[in-house]
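**Student:**
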Amino acid sequence: MSLARTLIIFSLAVIALPLSAQEHSVRPAQGLVPDAKTAIAIAVAIWSPIYGEKKIASEQPYVVTLSEDGKWTVTGSLPKG
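As numbered in mature numbering (1 follows the signal peptide of the UniProt record, and there is no 0), residues -21 to -1, 1 to 60 make up the sequence shown, in order.
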């Protein structure tokens, strides 16, 4: 194979690489946090080492909201009484 032909094939491969990378995204179609269950799991995973699992469990049931701009908010509930 000649050097010119090798360079042409290599150039085409390099040009096509960004195009194929754009077609495949790591981000799921539903977003990185697709639902309330996932939002709670992430929040509990973050809170547990900070506040302790027992304290976090005492905040159930969790209140989960999704804002218009697609951001989840997870809060605990106040104890009854």
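Glycine residues also receive a C-beta, built at the ideal position from the N, C-alpha and C atoms.
Assuming glycine 10 contacts glycine 55 (C-beta within less than 8 Å), just tell me the rounded distance between them.
**Tutor:** Here residue 10 refers to the residue found at position 31 when the sequence shown is read from its first residue. Here residue 55 refers to the residue found at position 76 when the sequence shown is read from its first residue. Not really, about 23 Å apart at Cβ, beyond 8 Å.
**Student:** Buried or exposed, going by whether 16 or more other CB atoms sit within 10 Å of the CB of isoleucine 25?
**Tutor:** Mapped onto the sequence shown, residue 25 falls at position 46. Isoleucine 25 should be labelled exposed.
**Student:** Candidates Arg6, Leu57, Val5 and Pro7: which alpha carbon is nearest lysine 34's?
**Tutor:** Translated into positions along the sequence shown, residue 34 becomes position 55. Residue Leu57 is the option with its Cα nearest to lysine 34.
**Student:** Just how far apart, CA to CA, sit serine 37 and alanine 8?
**Tutor:** Here residue 37 refers to the residue found at position 58 of the sequence shown. Here residue 8 refers to the residue found at position 29 of the sequence shown. Going by the C-alpha atoms only, they are around 34 Å apart.
**Student:** How is valine 53 classed by DSSP in three states: helix, strand or coil?
**Tutor:** To locate residue 53, count along the sequence shown from 1; it is residue 74. If DSSP states are grouped into helix, strand and coil, valine 53 belongs with the strands.
**Student:** Which residues in the same chain have their Cβ closer than 8 Å to the Cβ of serine 27, if we skip the five residues on either side of it in sequence?
**Tutor:** Start at 1 with the first residue of the sequence shown, and residue 27 comes out as number 48. Within the same chain, serine 27 has close Cβ partners Ile35.
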